[in-house]
Amino acid sequence: MSNLPESVRIVEVGARDGLQNEKTVIPTATKIELIDQLASCGLRTIEATSFVSPKWIPQLADAAEVYQGIDKRDGVRYPVLVPNMKGYQRSRQVQVREIAVFSAASEAFNRKNINASIDESLERFEPVLEQARADGVRVRGYVSTVLGCPYQGDVPVADVVRVAERLHAMGCYEISLGDTIGVGTPEKARAMLLAVAQSVPMSALAVHFHDTYGQALANILACLEEGVAVVDSAVSGTGGCPYAHGATGNVATEDVAYMLAGMGIATGIDLDALVQTGRWLSEALGRTTSSRVARAMAPA
Ligand code: HMG
Ligand code: MG
Numbered sequence: 014m015s016n017l018p019e020s021v022r023i024v025e026v027g028a029r030d031g032l033q034n035e036k037t038v039i040p041t042a043t044k045i046e047l048i049d050q051l052a053s054c055g056l057r058t059i060e061a062t063s064f065v066s067p068k069w070i071p072q073l074a075d076a077a078e079v080y081q082g083i084d085k086r087d088g089v090r091y092p093v094l095v096p097n098m099k100g101y102q103r104s105r106q107v108q109v110r111e112i113a114v115f116s117a118a119s120e121a122f123n124r125k126n127i128n129a130s131i132d133e134s135l136e137r138f139e140p141v142l143e144q145a146r147a148d149g150v151r152v153r154g155y156v157s158t159v160l161g162c163p164y165q166g167d168v169p170v171a172d173v174v175r176v177a178e179r180l181h182a183m184g185c186y187e188i189s190l191g192d193t194i195g196v197g198t199p200e201k202a203r204a205m206l207l208a209v210a211q212s213v214p215m216s217a218l219a220v221h222f223h224d225t226y227g228q229a230l231a232n233i234l235a236c237l238e239e240g241v242a243v244v245d246s247a248v249s250g251t252g253g254c255p256y257a258h259g260a261t262g263n264v265a266t267e268d269v270a271y272m273l274a275g276m277g278i279a280t281g282i283d284l285d286a287l288v289q290t291g292r293w294l295s296e297a298l299g300r301t302t303s304s305r306v307a308r309a310m311a312p313a
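This note's numbering runs 13 ahead of the 1-based position in the sequence shown.
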């Protein structure tokens, strides 16, 4: 296990990937409170919201208000999701400093998610990346459906490599590899990561697992062993993708933080405070947490 990193950067995606899938409208103030609490828990990269079409994701129609309302702390990054130039311009109106663009390794999923083929979506991002470069805005890239697609089934690793390589070549500083429907298992995750790492440096890769089949922590561990040091997760295990039926939440940040702390890998997260935040969020959403750690740490 010599490749294990000494520290891991957690990219907290609960406020975006988590909330985008909630059916009932969550008050803007609750979203702002969530992000501010997450910063107090020690998270240093907090995906805040998404400037996608409000017709497609009504829950995040208040993206500008959320971004403007959060307490932007020194040393904390607040990236937002952007699907096209219109989203980029909306984000810049509220002085966003970091964005994430997203495509998929499977054609059918990309069509359902952003109404474009993979190549069309990459072409759409070219001018966004160009403008971001000119504006000094950092850009992260996501590749979805890296270990399976709800429409196509298996996804060839070569397709993942191609999209990750393109996003990196276009100027994304980091590529997050997303098992959107949570079907992956450790050796498949490891093989996929190693294949991508032939074209994109490991230091520019992140992993993003959903926990549909309970494999997320095992998959993360396999990828850490290969040297990945950036992990996406969502407090309380919220989330899913509205265009990936059957997919459950992201791996819970509490569970990742607990595992890493137990392995002596630094994250900067205050686990007790994070469990409190997860509990507060679960109450606000009217549901029980899917974090095993939060449940184990619940007061008797
Ligand atoms: P479209 O309908 O093809 O867009 O949607 P269009 O360009 O034809 O425009 C239609 C209308 O939307 C126009 O308005 C545009 O102005 C407006 P109208 O003239 O009809 O009044 N519009 C916008 N409005 C606000 N902000 C915008 C915007 N763009 C167009 N940015 C589009 C194409 C990409 C916009 C749409 O499909 C979309 O927003 N999709 C986003 C879906 C989404 O957010 N999915 C979840 C995120 S991805 C994910 O969860 C995976 C990830 O977590 C990783 C993983 O888990 O693996 C990242
Ligand atoms: Mg996701």
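Positions of the beta carbon are idealized from the N, C-alpha and C atoms, including for glycine.
Identify which residue in the options has its Cα closest to the Cα of residue i.
| i | options | result |
| --- | --- | --- |
| R29 | V65, N16, V21, S20 | V65 |
| M183 | G240, V152, Y164 | V152 |
| V38 | L298, R103, E239, G161 | L298 |
| T58 | G291, A247, G277, I278 | A247 |
| T41 | Q81, V150, E200, V269 | Q81 |
| Y256 | T193, V150, I131 | T193 |
| G281 | S53, L32, L206 | S53 |
| G191 | G88, C236, S295 | C236 |
| C254 | V220, G195, F138 | G195 |
| E19 | M276, A313, Q33 | M276 |
| G55 | S216, R103, A270, C162 | A270 |
| T198 | Q211, M215, L234 | L234 |
| V220 | C162, G154, S104 | G154 |
| K68 | K85, I127, Y186, V174 | I127 |
Tell me where the beta strand (DSSP E) around residue i begins and ends.
| i | result |
| --- | --- |
| G191 | 187 to 192 |
| Y155 | 151 to 157 |
| R124 | Per DSSP, R124 belongs to no beta strand (DSSP E); it is in the alpha helix (DSSP H), 120 to 127. |
| A28 | Looking at the DSSP string, A28 is not in any beta strand (DSSP E), and its letter there is neither H nor E. |
| I39 | First-last for I39: undefined, no H or E at that position. |
| A113 | 111 to 117 |
Taking only beta-carbon atoms, is residue i less than 8 angstroms away from chain D?
| i | result |
| --- | --- |
| F122 | Going by chain labels, chain D is absent from the structure shown, which holds only one protein chain. |
Please confirm whether residue i and residue j have their CB atoms less than 8 angstroms apart.
| i | j | result |
| --- | --- | --- |
| G252 | S304 | no |
| S63 | L73 | yes |
| Y91 | A61 | yes |
| V141 | V168 | no |
| L273 | V241 | no |
| E239 | L206 | yes |
| A260 | T225 | yes |
| I83 | D49 | yes |
| V93 | V244 | no |
| A76 | Q106 | no |
| A204 | V170 | yes |
| E111 | V150 | yes |
Mind checking which residues open and close the alpha helix (DSSP H) that includes residue i?
| i | result |
| --- | --- |
| E143 | 131 to 148 |
| H181 | 170 to 183 |
| V79 | 76 to 82 |
| S104 | 98 to 106 |
Which same chain residues end up closer than 6 angstroms to residue i when comparing Cβ atoms and leaving out the 5 residues on each side of it in sequence?
| i | result |
| --- | --- |
| R179 | L135 |
| A229 | F222, V264 |
| A177 | V156, I188, V209, V213 |
| G27 | A247, V248, T251 |
| K125 | Y256 |
| Q165 | S119, A121 |
| A117 | N123, S157, T158 |
| E267 | L287, V288, G291, S304, V306, A307 |
Return the chain-ordered list of same chain residues with a C-beta closer than 8 angstroms to the C-beta of residue i, the five sequence neighbours on each side being excluded.
| i | result |
| --- | --- |
| P71 | V38 |
Skipping 5 residues on each side, what residues in its chain have a beta carbon closer than 7 angstroms to that of residue i?
| i | result |
| --- | --- |
| S295 | S249, T301, T302 |
| G88 | R57 |
| M98 | P140, V141 |
| N16 | E238, E239, G240 |
I want to check one thing, is the minimum distance from the CB of residue i to the heavy atoms of the ligand SAM below 7 angstroms?
| i | result |
| --- | --- |
| G191 | Looking at this structure, you won't find the ligand SAM anywhere; what it does contain is the ligand HMG and the ligand MG. |
Open item on the list: Going residue by residue through the segment 193 to 251, where are the continuous alpha helix (DSSP H) segments of at least 4 residues, counting only ones entirely within it?
Closed with: 199 to 210, 229 to 238, all fully within the segment 193 to 251.
- [ ] Would you list, in sequence order, the uninterrupted alpha helix (DSSP H) runs of no fewer than 4 residues that lie entirely inside the segment 264 to 312?
- [x] Counting whole runs of 4 or more residues, the segment 264 to 312 contains the alpha helix (DSSP H) stretches 266 to 275, 284 to 298, 305 to 309.
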